[in-house]
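Peer 1: One structure is given below, represented as structure tokens, and several questions about it will come after.
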Amino acid sequence: MQTIRFDFNPMMAEYTGEHGITRAEIENLTGEMRNAHAMVEKNRGKGMQGWMLLPYEQDDVIAAIEKTAARVRDEFDAFVVLGIGGSALGPAAVHQALKHLHYNELPKEKRGGPRLYIEDNIDPERMAALLDVIDLKTTCFNVITKSGGTAETMSQYLIVLDLLKKAVGDDYRRHIIVTTSKEKGFLIKIAQREGYETFYIPDGVGGRFSELSPVGLIAAAVTGIDIRALVAGAKAMDERCASDDPWKNPALFEAGLMVAAMRKGMNMSVMLPYADSLKLMSDWYAQLWAESLGKNVTLDGKPCHTGQTPVKALGVTDQHSQLQLYTEGPFDKVITFLKVESFRAETPIPHGCDDIPTIAFLGGKSHNQLIEAERQGTEYALYRSGHISQTITLPAVTEETIGQLLYFLELVTAYSGALLNIDAFNQPGVEESKIASYAVMGYESEVHSAKREEMKNRPALNADYIF
Numbered sequence: 001m002q003t004i005r006f007d008f009n010p011m012m013a014e015y016t017g018e019h020g021i022t023r024a025e026i027e028n029l030t031g032e033m034r035n036a037h038a039m040v041e042k043n044r045g046k047g048m049q050g051w052m053l054l055p056y057e058q059d060d061v062i063a064a065i066e067k068t069a070a071r072v073r074d075e076f077d078a079f080v081v082l083g084i085g086g087s088a089l090g091p092a093a094v095h096q097a098l099k100h101l102h103y104n105e106l107p108k109e110k111r112g113g114p115r116l117y118i119e120d121n122i123d124p125e126r127m128a129a130l131l132d133v134i135d136l137k138t139t140c141f142n143v144i145t146k147s148g149g150t151a152e153t154m155s156q157y158l159i160v161l162d163l164l165k166k167a168v169g170d171d172y173r174r175h176i177i178v179t180t181s182k183e184k185g186f187l188i189k190i191a192q193r194e195g196y197e198t199f200y201i202p203d204g205v206g207g208r209f210s211e212l213s214p215v216g217l218i219a220a221a222v223t224g225i226d227i228r229a230l231v232a233g234a235k236a237m238d239e240r241c242a243s244d245d246p247w248k249n250p251a252l253f254e255a256g257l258m259v260a261a262m263r264k265g266m267n268m269s270v271m272l273p274y275a276d277s278l279k280l281m282s283d284w285y286a287q288l289w290a291e292s293l294g295k296n297v298t299l300d301g302k303p304c305h306t307g308q309t310p311v312k313a314l315g316v317t318d319q320h321s322q323l324q325l326y327t328e329g330p331f332d333k334v335i336t337f338l339k340v341e342s343f344r345a346e347t348p349i350p351h352g353c354d355d356i357p358t359i360a361f362l363g364g365k366s367h368n369q370l371i372e373a374e375r376q377g378t379e380y381a382l383y384r385s386g387h388i389s390q391t392i393t394l395p396a397v398t399e400e401t402i403g404q405l406l407y408f409l410e411l412v413t414a415y416s417g418a419l420l421n422i423d424a425f426n427q428p429g430v431e432e433s434k435i436a437s438y439a440v441m442g443y444e445s446e447v448h449s450a451k452r453e454e455m456k457n458r459p460a461l462n463a464d465y466i467f
């Protein structure tokens with residue numbers, strides 16, 4: 001199995017200069033890092049750390065998913081994921097990474113699976129647009145929500161259910177697969193009543209940690225991704241990060257670096273993949289990092305308002321939109337490059353424009369060389385200006401390396417939460433928005449009625465500030 005590699009040199013003061021992390025800072029953090037490792041390991045598989053068991057306890061689930069995926073490929077031309085947050089970001093990131101970049105536009109015989117659509121928003125135009133490009137009679141829908149109370153997903157379900165009944169009659173059940181909690185929530189009751197094929201999200205697996213569960217594995221398998229290799233990659237990374245010695249555990253070392261950077265005022269984490277296949281990894285990472293570490297209270301009840309803002313970028317695209325800020329702006333960011341050593345294609349650059357030296361020199365080279373040269377140029381520009389960065393190198397984008405990357409970032413998040421003394425697995429701040437939204441929509445309960453009244457009592461808007 002090819003293994004991903006990490007180069008933390010440009011994070012260090014001895015390499016980059018005064019804004020880097022000193023070796024002494026890391027050594028002073030070693031005790032905290034060992035304690036963080038112990039805390040994460042103590043809770044492995046417990047509470048909301050069920051995600052740590054996903055690489056080990058899913059043989060029967062994977063076999064069932066593979067069987068269902070084969071049926072879907074045989075019977076349907078389109079596969080639609082109805083989900084939001086981790087239920088959508090993970091499947092989208094893995095699909096983008098491992099399948100053809102224009103997968104849906106390929107002819108069926110080249111795709112090897114149904115077209116994939118991931119509907120993670122309730123913009124009314126988006127649903128209308130989806131219905132313009134699919135045939136309900138040849139479409140399968142995967143409804144994903146652990147609680148069954150996710151308004152966005154369940155509203156989509158109600159729309160699809162109504163349309164399917166009109167399009168295929170009593171056969172509508174064959175077109176719906178449910179992924180939800182086995183014991184809790186509303187969707188499992190609906191699934192049992194309707195007789196939908198159902199897969200379960202383990203209770204200890206939150207949305208942003210769910211890609212290696214049926215949440216992400218179903219869509220991956222349907223489109224022909226080797227989900228066993230994906231999970232094997234995650235297992236390999238877990239085994240690689242077993243030590244409590246940060247010099248032998250790259251995820252623990254990375255967590256220490258990131259927390260040290262936060263303590264130095266670096267409150268932004270920019271993920272900058274130099275490969276279109278990894279573009280949506282930044283979206284998935286943004287939820288993982290923001291929702292896990294953005295907390296206002298420590299585990300012992302003290303106010304903290306901690307966290308680091310994730311920023312999505314793409315090399316080389318965002319060299320032309322964001323790099324000016326990163327090289328000459330404030331020293332408040334950590335830049336993480338995602339590098340691919342071996343792409344799945346090579347694009348030679350022909351000779352031409354020989355009378356123009358700044359163009360002619362490109363002839364005989366390739367886009368493969370150019371994209372890496374630009375990544376190195378960006379890394380050097382950051383070094384030259386004293387801004388820190390780090391590089392994660394994937395020898396190639398494969399199921400195994402993507403599984404490693406996903407699990408590495410999950411471990412880094414868990415260790416960082418422990419170092420910050422916060423609960424990295426809850427998201428109470430999301431609930432305020434949800435309650436307020438339900439109140440606006442007229443949901444009746446004591447909590448929502450009180451929230452509606454509270455919203456009415458906000459200060460009146462000043463017309464001076466409305467133009």
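Using this note's numbering, the first residue of the sequence shown is number 1, and each one after it goes up by one. Just so it is clear, CB atoms sit at the ideal spot from N, CA and C, and this is done for glycine as well.
Identify whether S416 lies in helix, strand or coil by the three-state DSSP scheme.
Peer 2: helix
Peer 1: How many angstroms separate the CA atom of S292 from the CA atom of C140?
Peer 2: Answer to the nearest angstrom: the Cα atoms are 32 Å apart.
Peer 1: Beta carbon of L187, beta carbon of L54: below 7 Å?
Peer 2: no
Peer 1: In its own chain, which residues sit with a C-beta less than 6 Å from the C-beta of T336, not counting the 5 before and 5 after it?
Peer 2: M271 and Q390
Peer 1: Look at the alpha carbon of A251 and the alpha carbon of G386, and state the distance between them as a whole number of angstroms.
Peer 2: Each residue's alpha carbon lies about 24 Å from the other.
Peer 1: Kindly confirm or deny that the stretch 89-102 and the stretch 271-280 touch, where touching means at least three C-beta pairs closer than 8 Å.
Peer 2: The count of Cβ pairs closer than 8 Å, one atom from the stretch 89-102 and one from the stretch 271-280, reaches three, so the stretches are in contact.
Peer 1: Which residues does DSSP pair with P348 in a beta bridge?
Peer 2: Beta-bridge pairing links P348 to S366.
Peer 1: Out of curiosity, what's the CA-to-CA distance linking I97 and E18?
Peer 2: Correcting the residue identity first, residue 97 is Ala in this sequence and not Ile. For A97 and E18, the distance between alpha carbons rounds to 36 Å.
Peer 1: Compute the beta-carbon to beta-carbon distance between M237 and D332, rounded to the nearest angstrom, for a pair I have assumed lies under 8 Å.
Peer 2: About 29 Å separates the two Cβ atoms, so there is no contact after all.
Peer 1: Over what stretch of residues does the beta strand (DSSP E) that includes I422 continue unbroken?
Peer 2: Unbroken run through I422: none, as it is neither H nor E.
Peer 1: Hey, could you find the ends of the alpha helix (DSSP H) P214 is sitting in?
Peer 2: P214 to V222
Peer 1: When burial is assigned at 16 or more other CB atoms within 10 Å of the CB, is Y380 buried or exposed?
Peer 2: So Y380 counts as exposed.
Peer 1: Excluding the 5 residues preceding and the 5 following I201 in the sequence, name in chain order all residues of the same chain whose CB lies nearer than 7 Å to its CB.
Peer 2: If we look at I201 and ignore the five residues flanking it on each side, its Cβ neighbours are K146, T179, T180, S181, S210, S213, P214 and V215.
Peer 1: With three or more C-beta pairs closer than 8 Å as the rule, is the stretch 291-308 touching the stretch 413-425?
Peer 2: yes
Peer 1: Between which two residues does the alpha helix (DSSP H) carrying H448 extend?
Peer 2: E446 to K456
Peer 1: Looking at the unbroken beta strand (DSSP E) that takes in R115, where does it start and where does it end?
Peer 2: R115 to E119
Peer 1: Quick check for students: name the residue ranges of the alpha helix (DSSP H) that lie wholly in the stretch 215-296, counting only runs of 4 or more.
Peer 2: 227-240, 250-263 and 281-293
Peer 1: Report the CB separation of Y383 from P124 in whole angstroms; it is logged as a contact under 8 Å.
Peer 2: Their Cβ separation, rounded to whole angstroms, is 47 Å, which puts Y383 and P124 out of contact at 8 Å.
Peer 1: Relative to the C-alpha of V340, which residue among P459, T401, Y157 and V160 is closest?
Peer 2: T401
Peer 1: If you follow the beta strand (DSSP E) that S389 is in, where does it begin and where does it stop?
Peer 2: S389 to A396
Peer 1: Could you give the distance in angstroms between the alpha-carbon of A460 and the alpha-carbon of N296?
Peer 2: 28 Å
Peer 1: Going by the CB atoms, is the gap between A92 and I122 shorter than 7 Å?
Peer 2: The answer is no: Cβ separation not under 7 Å.
Peer 1: Where are the alpha helix (DSSP H) runs, 4 residues long or more, that stay fully inside the stretch 142-175, in chain order?
Peer 2: 151-168
Peer 1: Would you mind giving the Cβ-Cβ distance between L411 and C241, rounded to the nearest angstrom? I have them listed as a contact below 8 Å.
Peer 2: 6 Å
Peer 1: Closer than 6 Å by C-beta to R208: which residues in its own chain qualify, once you throw out the five before and the five after it? Chain order, please.
Peer 2: G86, Q287, L288 and E291
Peer 1: Tell me the rounded alpha-carbon separation between T309 and A255.
Peer 2: The C-alpha of T309 lies about 15 Å from the C-alpha of A255.
Peer 1: Is it true that the stretch 341-350 meets the stretch 366-374, where meeting means three or more beta-carbon pairs spaced less than 8 Å apart?
Peer 2: By the C-beta criterion, the stretch 341-350 is judged to be in contact with the stretch 366-374, since at least 3 inter-stretch pairs fall below 8 Å.
Peer 1: One question on the structure: do A470 and D354 come within less than 7 Å of each other, judged by their Cβ atoms?
Peer 2: For the chain, the structure presents residues 1 to 467; residue 470 sits outside this window and is missing.
Peer 1: Return the Cβ separation of Y157 and L82 in integer angstroms, given the expectation that the two are a contact with Cβ distance under 8 Å.
Peer 2: 6 Å
Peer 1: For a quick check, are the C-beta atoms of I65 and L217 less than 7 Å apart?
Peer 2: Yes.
Peer 1: Let me know the secondary structure DSSP gives E18 once reduced to three states.
Peer 2: coil
Peer 1: One question on the structure: do F76 and P114 come within less than 7 Å of each other, judged by their Cβ atoms?
Peer 2: Cβ atoms of F76 and P114: closer than 7 Å.
Peer 1: Would you say the beta carbon of S445 is closer than 6 Å to some non-hydrogen atom of the ligand HEM?
Peer 2: By its list of ligands, the structure shown contains no ligand whatsoever, and the ligand HEM lies outside what it can speak to.
Peer 1: Would you kindly report the start and end of the unbroken alpha helix (DSSP H) that includes D300?
Peer 2: Run containing D300: none; DSSP gives neither H nor E here.
Peer 1: Under 8 Å Cβ to Cβ from D471, same chain only, skipping five residues before and after it: list those, please.
Peer 2: Any property of residue 471 remains undetermined from this structure, which presents the chain solely from 1 to 467.
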